[in-house]
Amino acid sequence: GKLLWKYDTGGMVRSACISNDAKKALSGALGKLQLFNANDGSKTDVTWKDEWLRNCIFYKDDSGFIVGSRTVGGFDSSGNKKWEYIIGEFPMFLGVDDKNDIFASGKSRTLFSFDSSGNLRWKHKIPDHVAGAGAVSADGSRIAIGTVGGMVYLFDNN
């Protein structure tokens, strides 16, 4: 492989993600997010609360992306914020399905499910912290997560 470009955020970077079509990348440091053109590294600053970006993921159709910290937020593909929801702790696990429904869980010991507009669909309390291990089936019918305590949980989304 070869380095295509690099960018110095001036701070610690805790997460980065790339769109499914590999045309955009997203990352940032405390209080700032940057949406990059993956081909040349040109960037667009994205307005977000002054929190550390701890996790991010693009929607499967690349129509936007989700960011996670104490707040989970949804953005369109240009970086305009569409919604946000305070979950209390950063999501170690962040997933999306083919319908752009979002699933988030982490130190808050709660698995959250949001629709594509950011409305809370349901939440389920978990006995210990989610370790970052997790997956969502493409159709969103099943969600699997692993915890620091060594447990694996499988949820039915219906």
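Just so you know, my numbering puts 338 at position 139 of the sequence shown, and the rest follows in order with no gaps. Backbone N, C-alpha and C define an ideal beta-carbon position, used for all residues, glycine too.
Note to self: Once DSSP output is grouped into helix, strand and coil, what is the label at Pro326?
What the structure shows: coil
Next item on the list: Could you work out which residue in Ile256, Glu250, Ile344, Asn299 is closest to Asn318 when comparing CA atoms only?
Entry: Closest option to Asn318, Cα to Cα, is Asn299.
Item checked: Length of the line joining the Cα atoms of Ser340 and Thr243 -> 34 Å
Next item on the list: Name the residue from His323, Lys306, Phe235 whose alpha carbon lies nearest to the alpha carbon of Cys216.
Entry: Phe235
Next item on the list: Go ahead and pull the three-state DSSP assignment for Glu283.
Entry: strand
Note to self: Runs of 3 residues minimum, wholly inside the segment 214–273: which ones carry the beta strand (DSSP E) assignment?
What the structure shows: 215–217, 223–226, 232–236, 242–245, 254–257, 263–267
Next item on the list: Could you pull the start and end residues of the beta strand (DSSP E) that Val295 belongs to?
Entry: 290–295
Next item on the list: Count the other CB atoms, across all protein chains shown, that sit within 10 Å of the CB of Gly210; report buried if there are 16 or more and exposed otherwise.
Entry: exposed
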